[in-house]
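Numbering (the numbering used here), first residue to last: -18 to 297.
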């Protein structure tokens, strides 16, 4: 069998074998659906490999899925802003200086800053989601707290990266079931770029334990000033406060596309982000036959009707 026939056979077999999986994948990515992502492992792995930053940067070299994961994880963890070992009670970053933190808000404690309740989710769950917080994007999942929590996440703990809300499964016991979205293994700069473009917080999902110990926060993170509630929380939790100064037009919780009704502009941006991943996948198919077969299901990434995109993505 010559190479063309082999490609035809493999292309047809791929589509026939994974048609249900492919449609499910496109629906999840196209509409930001929430629920369980029940994809076959080989299709999920292929998608994650082909959409990765490393594959984009060096398309002609041979890499394993583990290679693209490590490239992304190392890019992000190596780019995190380094804080002094012994932080004072309040540590302020210089204005105008860029910053990158892995942080999250805690939804366990209701405002009493009880140290046992504050981190109970980390003790009850195997995975938690964090966000990359920068001077351009300080948005996050909803919370009543006037601060975020900065973490020093070990590279080994990162299991999933997505440039929007990844819908973390709070009951997940294994890495492959942690999020409804397949992971997009992006470099630090590409994760920031996509997140900024669609105007939404991103999520980096991690294991809650490292070497059998719960990963605890290093500091509270606030923006521009420190109020009385932050001081109270800092004293009760025994954590210092880091004050960062984001840009004036930084994406924040109030203006985050996830919480803005009928945001048509952001729906277009979300569509563009998906288009980039579509193109990256499509470009990986070299033969005309493979591209033709791929086109049969790639077009289902996004429907044409923008009203439907808005409703399915933002609930309005």
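We put the CB at the ideal spot given by N, CA and C, even for glycine.
Pairing residue 39 with residue 103, the inter-Cα distance amounts to about 37 Å. 60 is the residue among 42, 60 and 41 whose C-alpha sits nearest the C-alpha of residue 167. Residue 57 places its beta carbon less than 9 Å from that of residue 172. Its Cα nearest to that of residue 118, the residue 81 stands out among 141, 81 and 137. The beta carbons of residue 217 and residue 132 sit about 19 Å from each other, so the pair does not count as a contact at 8 Å. Residue 115 sits in a strand when the DSSP states are folded into three classes.
In the three-state scheme derived from DSSP, where H, G and I count as helix and E and B as strand, residue 130 is classed as strand. Shown here, residue 140 sits in a strand according to DSSP, grouped into three states.
If you ignore the 5 residues before and after residue 106, its C-beta comes within less than 7 Å of the C-beta of 151 and 189, all in its own chain and listed in chain order.
Unbroken alpha helix (DSSP H) runs of no fewer than 4 residues, entirely contained in the region 197 to 233, are found at 209 to 218, following chain order.
Residue 111 sits close to residue 186, with the two beta carbons spaced by under 9 Å. Closest in C-alpha terms to residue 206, from the list 223, 197, 191 and 84, comes 223. Around the beta carbon of residue 219, fewer than 16 other beta carbons sit within 10 angstroms, so the residue counts as exposed. The DSSP assignment places complete alpha helix (DSSP H) segments of no fewer than 4 residues inside the region 9 to 84 at 22 to 31, 34 to 38 and 46 to 59, in order along the chain. Residue pairing by DSSP puts residue 108 in a beta bridge opposite 188.
Taking C-beta atoms as the reference points, residue 225 and residue 191 fail to come closer than 9 Å. DSSP, reduced to helix, strand and coil, places residue 176 within a helical segment of the structure shown. Excluding the 5 residues flanking it on each side, residue 193 has no same chain C-beta neighbour closer than 7 Å.
Sequence-distant partners of residue 213 (beyond 5 residues in either direction) whose C-beta falls short of 7 Å from its own C-beta, in its chain, are 94.
Residue 177 and residue 233 have their C-alpha atoms roughly 11 Å apart.
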